[in-house]
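Numbering of the sequence shown is given in full-length UniProt numbering, commencing with residue 1 and proceeding in unit increments.
Quick notes on the structure that follows.
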Amino acid sequence: MYKLLALNIDGTILKNNGRLSRETKEAVDYVRKKGVYVTLMTSRNFLSARKVAKALRLDGMLITFQGALIGKSLDHRLFAAVIPEERTFNIVQILENFPCNIRLMHERYSLGNRKKVKRNLVVQTVLSSSDPFFYPTQFVDSLGDVLIDEPMAVPKIDVYFADDAEREEAARLLASAIPSIDMIMQSEGKMEIVPQGVSKLAGLRRLTQHLGISLKETVVIGDGLDDLPAIEAAGLGVAMGNAPLEVKRVADWVTRSNEQLGVAYMVKEHFRKQQRIEFLQKLKGR
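Take a look at the structure:
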(Lines of atoms letter the chains of each structure in order from A and count residues from 1; the text may use other names and numbers.)
(Lines give C-alpha, C1' and ligand atoms only; values in the text may rest on other atoms or scores of the structure.)
Protein backbone atom coordinates (compact mmCIF):
# COMPACT_ATOMS: atom_id res chain seq x y z
CA MET A 1 0.00 0.00 0.00
CA TYR A 2 1.61 3.24 -1.15
CA LYS A 3 0.82 6.38 0.83
CA LEU A 4 2.90 9.02 -0.96
CA LEU A 5 3.66 9.80 -4.59
CA ALA A 6 6.62 12.12 -5.33
CA LEU A 7 6.86 13.53 -8.84
CA ASN A 8 9.68 15.34 -10.57
CA ILE A 9 8.51 18.23 -12.77
CA ASP A 10 10.67 18.83 -15.86
CA GLY A 11 10.96 15.78 -18.08
CA THR A 12 8.45 13.89 -15.92
CA ILE A 13 5.03 15.48 -15.50
CA LEU A 14 5.69 18.21 -18.08
CA LYS A 15 6.08 17.55 -21.79
CA ASN A 16 9.09 18.94 -23.64
CA ASN A 17 7.18 22.11 -24.54
CA GLY A 18 6.54 22.79 -20.85
CA ARG A 19 2.86 21.85 -21.04
CA LEU A 20 0.93 19.86 -18.46
CA SER A 21 -1.37 17.38 -20.19
CA ARG A 22 -5.01 16.75 -19.26
CA GLU A 23 -4.20 13.04 -18.81
CA THR A 24 -1.50 13.81 -16.24
CA LYS A 25 -3.82 16.10 -14.30
CA GLU A 26 -6.49 13.40 -14.25
CA ALA A 27 -3.97 10.78 -13.12
CA VAL A 28 -2.78 12.92 -10.20
CA ASP A 29 -6.36 13.64 -9.21
CA TYR A 30 -7.12 9.91 -9.36
CA VAL A 31 -4.26 9.13 -6.96
CA ARG A 32 -5.29 11.90 -4.56
CA LYS A 33 -8.83 10.51 -4.39
CA LYS A 34 -7.37 7.22 -3.20
CA GLY A 35 -5.97 9.06 -0.19
CA VAL A 36 -2.38 9.15 -1.43
CA TYR A 37 -0.31 12.23 -0.52
CA VAL A 38 1.11 13.75 -3.72
CA THR A 39 4.13 16.05 -3.69
CA LEU A 40 6.44 17.60 -6.26
CA MET A 41 10.17 16.94 -5.86
CA THR A 42 12.12 19.37 -8.03
CA SER A 43 15.24 21.44 -8.55
CA ARG A 44 12.98 24.37 -9.46
CA ASN A 45 12.46 27.35 -7.21
CA PHE A 46 9.50 27.17 -4.83
CA LEU A 47 7.32 29.77 -6.58
CA SER A 48 7.66 28.00 -9.94
CA ALA A 49 6.90 24.62 -8.36
CA ARG A 50 3.87 26.02 -6.54
CA LYS A 51 2.49 27.29 -9.85
CA VAL A 52 2.66 23.72 -11.24
CA ALA A 53 1.18 22.37 -7.99
CA LYS A 54 -1.81 24.69 -8.30
CA ALA A 55 -2.44 23.43 -11.84
CA LEU A 56 -2.52 19.91 -10.35
CA ARG A 57 -4.73 21.06 -7.43
CA LEU A 58 -2.10 20.10 -4.87
CA ASP A 59 -2.09 21.99 -1.59
CA GLY A 60 0.45 19.99 0.44
CA MET A 61 4.17 20.29 1.07
CA LEU A 62 6.51 20.65 -1.92
CA ILE A 63 10.19 19.63 -2.09
CA THR A 64 11.95 22.42 -4.00
CA PHE A 65 15.44 23.83 -4.70
CA GLN A 66 16.72 20.20 -4.71
CA GLY A 67 15.35 19.77 -1.20
CA ALA A 68 16.70 23.02 0.28
CA LEU A 69 13.16 24.33 0.86
CA ILE A 70 10.19 22.15 1.81
CA GLY A 71 6.84 23.69 2.60
CA LYS A 72 3.34 24.73 1.60
CA SER A 73 4.39 28.35 1.07
CA LEU A 74 7.42 30.57 1.64
CA ASP A 75 5.94 31.42 5.04
CA HIS A 76 4.78 27.90 5.97
CA ARG A 77 7.93 25.77 5.86
CA LEU A 78 8.87 22.36 7.11
CA PHE A 79 12.56 22.83 6.29
CA ALA A 80 14.82 25.50 4.81
CA ALA A 81 18.58 25.64 4.25
CA VAL A 82 20.68 28.33 2.60
CA ILE A 83 24.27 28.97 1.60
CA PRO A 84 25.30 31.83 3.94
CA GLU A 85 26.12 35.29 2.53
CA GLU A 86 29.90 35.09 2.96
CA ARG A 87 30.05 31.60 1.46
CA THR A 88 27.90 32.67 -1.50
CA PHE A 89 30.32 35.55 -2.14
CA ASN A 90 33.34 33.22 -1.97
CA ILE A 91 31.72 30.76 -4.38
CA VAL A 92 31.02 33.57 -6.85
CA GLN A 93 34.61 34.82 -6.57
CA ILE A 94 35.89 31.40 -7.66
CA LEU A 95 33.31 30.89 -10.41
CA GLU A 96 33.87 34.30 -11.99
CA ASN A 97 37.35 33.09 -13.01
CA PHE A 98 35.67 30.66 -15.39
CA PRO A 99 33.66 31.30 -18.60
CA CYS A 100 30.36 30.22 -17.08
CA ASN A 101 26.92 31.59 -16.43
CA ILE A 102 25.99 31.89 -12.76
CA ARG A 103 22.50 32.24 -11.31
CA LEU A 104 21.99 32.92 -7.61
CA MET A 105 18.61 31.36 -6.83
CA HIS A 106 17.00 33.38 -4.05
CA GLU A 107 13.62 32.28 -2.68
CA ARG A 108 11.79 35.08 -4.50
CA TYR A 109 14.02 35.97 -7.46
CA SER A 110 17.29 35.07 -9.20
CA LEU A 111 20.36 37.13 -9.94
CA GLY A 112 22.67 36.16 -12.80
CA ASN A 113 25.75 37.39 -14.65
CA ARG A 114 25.60 38.45 -18.28
CA LYS A 115 28.49 36.27 -19.44
CA LYS A 116 27.45 34.16 -22.42
CA VAL A 117 28.28 30.51 -22.83
CA LYS A 118 27.90 28.29 -25.88
CA ARG A 119 24.58 26.65 -26.72
CA ASN A 120 22.63 29.46 -24.97
CA LEU A 121 22.03 27.10 -22.04
CA VAL A 122 20.98 29.82 -19.64
CA VAL A 123 18.45 31.21 -22.10
CA GLN A 124 16.87 27.77 -22.47
CA THR A 125 16.71 27.33 -18.72
CA VAL A 126 15.23 30.75 -18.01
CA LEU A 127 12.51 30.22 -20.60
CA SER A 128 11.68 26.69 -19.51
CA SER A 129 11.65 26.96 -15.73
CA SER A 130 10.94 30.53 -14.63
CA ASP A 131 8.13 33.03 -14.90
CA PRO A 132 9.02 36.76 -14.75
CA PHE A 133 5.75 37.48 -12.95
CA PHE A 134 6.24 34.83 -10.27
CA TYR A 135 10.02 34.63 -10.12
CA PRO A 136 11.86 37.57 -11.73
CA THR A 137 15.44 37.29 -12.97
CA GLN A 138 17.92 40.17 -13.05
CA PHE A 139 21.25 40.09 -14.91
CA VAL A 140 24.33 42.11 -13.92
CA ASP A 141 27.87 42.49 -15.25
CA SER A 142 29.60 41.36 -12.05
CA LEU A 143 27.90 39.35 -9.33
CA GLY A 144 30.90 39.84 -7.04
CA ASP A 145 30.56 43.62 -7.19
CA VAL A 146 26.84 43.45 -6.45
CA LEU A 147 27.31 41.08 -3.51
CA ILE A 148 29.76 43.45 -1.82
CA ASP A 149 26.97 46.00 -1.41
CA GLU A 150 24.01 43.61 -1.28
CA PRO A 151 24.98 40.24 0.27
CA MET A 152 22.74 37.26 -0.49
CA ALA A 153 22.12 33.94 1.23
CA VAL A 154 20.58 31.51 -1.26
CA PRO A 155 19.15 27.96 -1.25
CA LYS A 156 20.86 27.11 -4.53
CA ILE A 157 23.30 28.35 -7.15
CA ASP A 158 22.97 27.22 -10.77
CA VAL A 159 26.08 27.30 -12.96
CA TYR A 160 26.27 26.59 -16.70
CA PHE A 161 29.52 25.62 -18.43
CA ALA A 162 30.17 25.16 -22.13
CA ASP A 163 33.13 22.89 -21.43
CA ASP A 164 32.98 19.80 -19.18
CA ALA A 165 36.69 20.05 -18.32
CA GLU A 166 36.16 23.57 -17.00
CA ARG A 167 33.20 22.39 -14.94
CA GLU A 168 35.35 19.64 -13.40
CA GLU A 169 38.13 22.11 -12.60
CA ALA A 170 35.68 24.55 -11.01
CA ALA A 171 34.15 21.74 -8.96
CA ARG A 172 37.59 20.65 -7.77
CA LEU A 173 38.47 24.19 -6.64
CA LEU A 174 35.12 24.66 -4.90
CA ALA A 175 35.41 21.34 -3.09
CA SER A 176 38.85 22.22 -1.72
CA ALA A 177 38.13 25.86 -0.85
CA ILE A 178 34.49 26.05 0.25
CA PRO A 179 33.22 23.97 3.19
CA SER A 180 29.68 22.75 3.73
CA ILE A 181 28.39 22.68 0.15
CA ASP A 182 27.39 19.87 -2.21
CA MET A 183 27.55 19.95 -5.99
CA ILE A 184 25.00 18.18 -8.17
CA MET A 185 26.05 17.57 -11.77
CA GLN A 186 23.33 17.75 -14.40
CA SER A 187 23.26 17.24 -18.16
CA GLU A 188 24.41 19.81 -20.72
CA GLY A 189 27.09 21.40 -18.57
CA LYS A 190 24.92 22.40 -15.62
CA MET A 191 26.10 22.28 -12.01
CA GLU A 192 23.90 23.00 -9.00
CA ILE A 193 25.48 24.10 -5.71
CA VAL A 194 23.42 23.49 -2.56
CA PRO A 195 24.00 23.49 1.21
CA GLN A 196 25.72 20.34 2.44
CA GLY A 197 23.32 17.46 3.01
CA VAL A 198 20.65 18.84 0.69
CA SER A 199 19.24 16.54 -1.99
CA LYS A 200 15.91 15.33 -3.29
CA LEU A 201 16.29 12.11 -1.29
CA ALA A 202 17.08 14.03 1.91
CA GLY A 203 14.03 16.20 1.25
CA LEU A 204 11.85 13.15 0.71
CA ARG A 205 13.11 11.65 3.98
CA ARG A 206 12.26 14.85 5.87
CA LEU A 207 8.76 14.98 4.40
CA THR A 208 7.96 11.32 5.00
CA GLN A 209 9.19 11.54 8.60
CA HIS A 210 6.98 14.59 9.12
CA LEU A 211 3.97 12.72 7.71
CA GLY A 212 4.71 9.47 9.53
CA ILE A 213 5.19 7.56 6.29
CA SER A 214 7.92 5.01 5.57
CA LEU A 215 10.09 5.38 2.46
CA LYS A 216 8.90 1.89 1.52
CA GLU A 217 5.37 3.32 1.33
CA THR A 218 6.40 5.88 -1.29
CA VAL A 219 6.42 5.94 -5.08
CA VAL A 220 8.97 8.20 -6.77
CA ILE A 221 8.80 9.03 -10.49
CA GLY A 222 11.65 10.94 -12.14
CA ASP A 223 13.90 11.22 -15.14
CA GLY A 224 17.14 12.88 -14.01
CA LEU A 225 20.37 11.80 -12.37
CA ASP A 226 19.40 13.91 -9.35
CA ASP A 227 16.27 11.73 -9.02
CA LEU A 228 18.31 8.51 -8.96
CA PRO A 229 18.95 8.21 -5.17
CA ALA A 230 15.27 8.83 -4.35
CA ILE A 231 14.12 6.37 -7.02
CA GLU A 232 16.48 3.76 -5.61
CA ALA A 233 15.35 4.32 -2.00
CA ALA A 234 11.60 4.41 -2.64
CA GLY A 235 9.24 1.50 -2.15
CA LEU A 236 8.52 1.76 -5.87
CA GLY A 237 11.05 3.70 -7.91
CA VAL A 238 9.90 4.59 -11.41
CA ALA A 239 12.10 5.92 -14.21
CA MET A 240 10.64 7.77 -17.15
CA GLY A 241 11.24 6.36 -20.61
CA ASN A 242 13.32 9.46 -21.40
CA ALA A 243 15.58 8.95 -18.35
CA PRO A 244 19.29 8.14 -18.74
CA LEU A 245 20.29 4.48 -18.60
CA GLU A 246 21.84 4.93 -15.12
CA VAL A 247 18.44 5.97 -13.74
CA LYS A 248 16.59 3.14 -15.48
CA ARG A 249 19.00 0.58 -14.06
CA VAL A 250 18.13 1.40 -10.42
CA ALA A 251 14.38 1.75 -11.01
CA ASP A 252 11.87 -0.94 -10.12
CA TRP A 253 9.82 -0.04 -13.16
CA VAL A 254 10.32 1.99 -16.35
CA THR A 255 7.30 3.79 -17.70
CA ARG A 256 6.77 5.60 -20.98
CA SER A 257 8.46 8.92 -21.76
CA ASN A 258 7.08 12.32 -20.76
CA GLU A 259 6.01 12.86 -24.36
CA GLN A 260 4.08 9.57 -24.18
CA LEU A 261 2.36 10.52 -20.89
CA GLY A 262 4.46 8.15 -18.80
CA VAL A 263 3.10 9.36 -15.43
CA ALA A 264 -0.52 8.83 -16.46
CA TYR A 265 0.36 5.38 -17.83
CA MET A 266 2.15 4.35 -14.63
CA VAL A 267 -0.76 5.48 -12.44
CA LYS A 268 -3.25 3.48 -14.49
CA GLU A 269 -1.08 0.38 -14.32
CA HIS A 270 -0.35 0.46 -10.58
CA PHE A 271 -2.66 2.65 -8.52
CA ARG A 272 -5.87 1.26 -10.02
CA LYS A 273 -5.09 -1.95 -8.09
CA GLN A 274 -4.90 -0.09 -4.77
CA GLN A 275 -8.01 0.60 -2.71
CA ARG A 276 -8.53 3.91 -0.96
CA ILE A 277 -6.21 4.14 2.06
CA GLU A 278 -9.11 5.08 4.36
CA PHE A 279 -10.96 1.92 3.30
CA LEU A 280 -7.92 -0.29 3.81
CA GLN A 281 -7.30 1.19 7.26
CA LYS A 282 -10.90 0.41 8.26
CA LEU A 283 -10.43 -3.20 7.14
CA LYS A 284 -7.18 -3.42 9.08
CA GLY A 285 -8.91 -2.16 12.23
CA ARG A 286 -11.58 -4.85 12.15
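Beta carbons: idealized from backbone N, C-alpha and C, even for Gly.
Quick caveat, the model's predicted, so the values are computed rather than measured.
VAL159 and MET191 closer than 7 Å at C-beta: yes
Quick check on LEU215: does DSSP put it in helix, strand or coil? helix
Where the alpha helix (DSSP H) containing VAL247 begins and where it ends: 245–250
Determine whether the beta carbon atoms of VAL92 and LEU143 lie at a separation below 7 Å. yes
Same chain, Cβ closer than 6 Å to ASP252, neighbours up to 5 away in sequence not counted: LEU236, GLY237
Quick check: what's the CA-CA separation for PHE161 versus ASN101? 7 Å
Suppose the cutoff is 8 Å on Cβ atoms and the five residues either side in sequence are ignored; what does the same chain contact list for GLU166 look like? PHE98, PRO99, CYS100
Is it the case that the region 198–211 contacts the region 61–75, given that we only count it when at least three CB pairs across the two stretches are under 8 Å? yes
To which residues of the same chain is TYR37 closer than 8 Å at the C-beta, ignoring the five residues directly before and after it? LYS3, LEU4, LEU5, GLY60, LEU211, ILE213
Can you check which of these residues, VAL254, LYS25, ILE94, is closest to LEU58 by C-alpha distance? LYS25
Of the residues GLY203, VAL140, GLU85, the one placed nearest PHE79, counting alpha carbons only: GLY203
For VAL219, count neighbouring C-beta atoms within 10 Å of its own C-beta (all shown protein chains included) and say buried if the count is 16 or more, exposed if not. buried
Where the alpha helix (DSSP H) containing THR24 begins and where it ends: 22–33
Could you pull out every residue in the same chain whose Cβ sits closer than 7 Å to the Cβ of ARG32, ignoring the five residues on either side in sequence? VAL38
Please work out which residues of its chain come closer than 6 Å, Cβ to Cβ, to SER180, disregarding the five sequence neighbours upstream and downstream, and give them in chain order. GLN196
Could you tell me the boundaries of the alpha helix (DSSP H) in which ILE94 lies? 85–95
Does DSSP classify ALA6 as helix, strand or coil? strand
Taking the CB atoms as reference points, tell me whether ASN17 and MET41 lie closer together than 7 Å. no
Of all the options ALA177, LEU207, ILE178, ALA170, which has the alpha carbon lying nearest to the alpha carbon of GLY189? ALA170
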